[in-house]
Each structure stands twice: as C-alpha cells, then as structure tokens.
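S.K.: Under the working numbering, think of the first position of the sequence shown as -5, with each following residue one higher. Sharing a structure below in structure tokens format, with a few things to ask.
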Amino acid sequence: MTDNNVKLICGIDEAGRGPLAGPVVVACVIFGNNDFIEGVKDSKKLSEKKREFFFDKIIESCLEYKIEIIDNKIIDEINILNATMLGMEKCIESLQNKDVKLLIDGNYFKLRNDLHKNYSYETIIGGDDKIFEISCASILAKVARDRLMKEYDLLFPRYNFAKHKGYGTKEHIEKIKEYGLCEIHRETFCKNFMQLSL
C-alpha cells in the first residue's frame, strides 16, 4: 500500500505502560478527513472531567474505534513492550476500514509480517499532542483504563487504586509492602522493593 492510496488516518496510543498494577490499554480511532473536535489534546493535559466528556464525544463522532485491554498476567509473561504491541496489533486487526495510514504515538512500533506489509505507518514522538487522531486515541485509552482501575478499587480497596491508578506512588508502594501483591499487580514491576516468590 502506498501513501497515495490512503484515505484515512488511524491514530493509535496507549495508557498504562508504567504502573505497578493493572492492564495496559491500547486504543485506535479513525475519523473522516475533515472531522475535528475542538479542544481535544493529549489526555495528560486534560482534566478528568474533560477526558470523560471527550471520551463520549469521540465515540459518537468517529468512524471507527477500538479499545484493547492487555492484563497484568500477559504483561508479566511477555513484558510491557510486547504487551503494548499486542494491544496495538489487536486493535489494527479489528478495523473495518483497512485503507488507512497508522499514526502511532512514540518511537517504536512493530507488527507481524503479514500485517506489516498491509499498512503504511509512522511513529511520532509526542504524537498525542500533535495529531488529532492520536490525541483522541490517548483519551480513549486513558479513560478506559482509569474506569477499570476504579472498578479494581472496589475489589481491592486497601490499595487505593482509584487515587493512583496503579502507578508507583509512595502510598502505593507502602501499601504493597504492608499487604503484599494482589491479583492485578505486575510481579515483574514490583521486584525492586519487595521479595516475591515467583
């Protein structure tokens, strides 16, 4: 496929590569060429209320979107980079619109050979703050993951996941040292500050 044949852009981004607990969430989104939502930008630069508003607006307005959740067990098994690539691959495989160019936030992207040859793509450092479709994907991924972590907070209230979303805050690390790991912790991420029986 050449760029001349590409009619649409598919923005791809993830949320949750760094936390000690919970999944990594990947989202992709496709809009019509002239579609735009005023105020959309990198999810990290929006308040939670704004992200929630745009989450619904993006889903209502886009041509197509997909959100993939790769859990902590898979992250521990294949590592976070491969887990992220797996999530991106699953998103791309699910697309109904195949004639797209993939724009991915970051500096690394890899597909299986049989998918790789079917898509043109570009990685863009800081793409979530530069490219509308990537900004939208970042919002979908971030909101979907935050909602999940709030659900986990109800299941594992002692860790306060609703507050820190699984990231390695001082409070979270202290809770792990006090209570040990729960079912959604990434064991490979927690080795540095506690002894694990792996």
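Where is the CB? At the ideal position from N, CA and C, for every residue including glycine.
Compare the C-alpha of K171 against each of K157, L109, N186 and name the closest.
M.R.: Of the listed residues, the one whose Cα sits closest to K171 is N186.
S.K.: Which of the three DSSP states is assigned to M(-5) in this structure?
M.R.: Any reading at M(-5) must be qualified, since the residue scores a pLDDT of 36, below 50, and its modelled position is unreliable; the value itself is stated next. Reduced to three states, the DSSP call for M(-5) is coil.
S.K.: Since C130 is in the beta strand (DSSP E), which residue starts that stretch and which ends it?
M.R.: No beta strand (DSSP E) contains C130, which is instead part of the alpha helix (DSSP H) from 126 to 149.
S.K.: By the DSSP assignment, the beta strand (DSSP E) with C184 in it spans what residues?
M.R.: Element bounds for C184: n/a, residue is neither H nor E.
S.K.: Grouping DSSP H, G and I as helix and E and B as strand, with all else coil, what is Y115?
M.R.: The answer is strand: DSSP assigns Y115 an E or B state.
S.K.: Is S129 buried or exposed, if buried means 16 or more other CB atoms sit within 10 Å of its CB?
M.R.: Buried, since its Cβ has 16 or more Cβ neighbours within 10 Å.
S.K.: Taking the beta carbon of N73 as the centre, do at least 16 other beta carbons fall within 10 Å, making it buried, or is it exposed?
M.R.: When all chains shown are included, N73 counts as exposed.
S.K.: Among V19, D50, E54, which one has its Cα closest to the Cα of A77?
M.R.: If we check each option's Cα against that of A77, V19 comes out closest.
S.K.: Looking at C-beta atoms only, is the number of pairs between the segment 42 to 54 and the segment 62 to 71 that lie closer than 8 Å three or more?
M.R.: No, the segment 42 to 54 does not touch the segment 62 to 71.
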